[in-house]
Amino acid sequence: KPTPKLRECLTLGWSSTLDTFRHAARYPETMKFFIAYFFYSDGYTTVSSVGVLVMQQKLCMSSTSLGIVILEVLLLASVGNVLLLNIQRHFKLESKFMICIALSGYLFLCFVGILGLIPSSPIGLKQRTEAYLFGAVHGLMIGPVQSFSRTMFADLTVPGKEAEFFALFEITDKGSSWLGPLVVGEIYRRTSRINLGFVYLAFMICLPACVLLSVNHRKGMVEVGRILH
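Going by my numbering, the sequence shown opens with residue 136, and the numbers climb by one from there.
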C-alpha cells in the first residue's frame with residue numbers, strides 16, 4: 136500500500152496539471168486557442184504521416200528516397216521560418232494569421248491527396264515528383280506553424296505561470312496525437328483507400344482555423360494581465 140508521501144508524489148503531476156487547466160479555463164481567449172491547437176496540431180501532424188504512408192504504399196518509394204524527403208523537410212523548415220517571419224514583419228500581421236497561412240499549406244496538401252481519389256486525375260500523390268513537392272510544402276510550413284503557435288500562446292499565458300501553461304500546451308499537443316491516426320486508420324480499414332483520410336484532415340484543419348481566427352489576441356493579453364486595457 137503506498138505511503139501518504141509516495142501517494143502524493145504519484146498524484147502531484149496530475150493534480151498540478153488539473154489546477155493549471157482550471158486556471159486557464161478562467162480566460163476565454165486562452166481556452167479558445169487551446170481548443171483550436173488541440174485539433175489543428177493533430178491535423179498537420181497526421182497529414183505528414185498519411186503522406187509518408189502514400190509514398191510507401193502507392194509510390195513504393197525506397198528508404199533512401201524517403202530519407203531525401205525527410206532531409207528536404209529539415210532543410211526547408213528554417214527557410215519557412217525566415218520567409219514567414221519576413222512576411223509578418225512586412226505586412227504587420229498577427230500571429231494567428233501567420234498560423235492560418237501555414238495551415239493553408241497543409242490544406243493544399245490535403246487537396247492534392249483528395250485529387251488522388253479521382254482515377255482520371257494526373258495528380259494526387261501519384262508521381263514521385265509530387266512526393267518531393269509534398270515534402271517541400273511540409274518543410275516550409277512545419278517550422279512557422281509551430282513557432283507562431285508558441286509565440287501566440289506565450290502572449291496568452293499568465294505572467295509568472297509560463298512554465299505551468301507551457302506544460303499544459305505540450306500535453307495538449309501530445310494528447311491529441313492519437314486522434315488523427317485513429318480516424319484515418321479506421322477510414323483506411325473500412326475503405327482500403329488511404330487518400331480518403333485527407334478529406335477528414337481537410338476538415339480538421341479548416342474548422343480549428345476558424346476557431347483560431349475568432350481568438351481576440353489583444354483581449355486575451357488583457358485577460359491574463361500581459362497588457363493594460
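Backbone N, C-alpha and C define an ideal beta-carbon position, used for all residues, glycine too.
None of the values given here were measured: they were computed from a predicted structure.
Start and end residues, alpha helix (DSSP H) containing residue i
{"i": "L252", "result": "Counting along the chain, L252 falls outside any alpha helix (DSSP H), and DSSP gives it neither H nor E."}
{"i": "T229", "result": "Checking the sequence, you will find Glu at residue 229 rather than Thr. Looking at the DSSP string, E229 is not in any alpha helix (DSSP H), and its letter there is neither H nor E."}
{"i": "K167", "result": "163 to 192"}
{"i": "I277", "result": "263 to 290"}
{"i": "P316", "result": "314 to 326"}
{"i": "H364", "result": "Note, H364: premise wrong, no alpha helix (DSSP H); not H, not E."}
{"i": "V86", "result": "The displayed coordinates of the chain run from 136 to 364. Any statement about residue 86 would go beyond what the structure contains."}
{"i": "L260", "result": "That residue, L260, is in no alpha helix (DSSP H); it is neither H nor E in DSSP."}
Contact under 9 Å by Cβ, residue i with residue j
{"i": "L314", "j": "K231", "result": "no"}
{"i": "A237", "j": "M276", "result": "yes"}
{"i": "F169", "j": "T307", "result": "yes"}
{"i": "F328", "j": "L250", "result": "Note that residue 328 is Arg in the sequence shown here, rather than Phe. Contact: no."}
{"i": "L242", "j": "C345", "result": "no"}
{"i": "L260", "j": "M339", "result": "no"}
{"i": "F366", "j": "V182", "result": "Residue 366 lies beyond the range of the chain shown here (136 to 364); nothing can be said about it."}
Anticipated Cβ contact below 8 Å, residue i with residue j, distance rounded
{"i": "T165", "j": "A159", "result": "5 Å"}
{"i": "H273", "j": "V214", "result": "That belief does not hold up - the Cβ atoms of H273 and V214 are roughly 12 Å apart, past 8 Å."}
{"i": "A298", "j": "L194", "result": "With a Cβ gap of about 44 Å, A298 and L194 do not count as contacting."}
{"i": "D177", "j": "S284", "result": "Going by Cβ atoms, the distance from D177 to S284 rounds to 13 Å, so no, they are not a contact pair."}
{"i": "G186", "j": "F269", "result": "5 Å"}
{"i": "T155", "j": "A302", "result": "7 Å"}
{"i": "M287", "j": "I203", "result": "With 8 Å as the limit, M287 and I203 do not qualify as a contact, their Cβ atoms being about 33 Å apart."}
{"i": "P316", "j": "S184", "result": "7 Å"}
{"i": "V318", "j": "Y335", "result": "6 Å"}
{"i": "H364", "j": "E229", "result": "About 19 Å; that fails the 8 Å criterion."}
Best match in the options for proximity to residue i [C-alpha to C-alpha]
{"i": "L211", "options": "S255, L188, P279, E297", "result": "P279"}
{"i": "F173", "options": "I362, E305, F333, I205", "result": "E305"}
{"i": "L244", "options": "N221, L228, A271, S256", "result": "A271"}
{"i": "R263", "options": "T199, K167, Y175", "result": "T199"}
{"i": "P163", "options": "V350, G360, R361", "result": "V350"}
{"i": "A289", "options": "M356, T146, C345, C341", "result": "M356"}
{"i": "L331", "options": "L228, Y175, P254, G248", "result": "G248"}
{"i": "L219", "options": "L206, I205, S239", "result": "S239"}
{"i": "Q281", "options": "R157, Y179, K167, K354", "result": "Y179"}
{"i": "K167", "options": "K354, R324, I205", "result": "K354"}
{"i": "A171", "options": "P343, R361, I362", "result": "P343"}
{"i": "K296", "options": "K309, E321, N216, R361", "result": "R361"}
The ligand ADP heavy atom lying under 8 Å from the CB of residue i
{"i": "L210", "result": "Among the components modelled here there is no ligand, and therefore nothing to report on the ligand ADP."}
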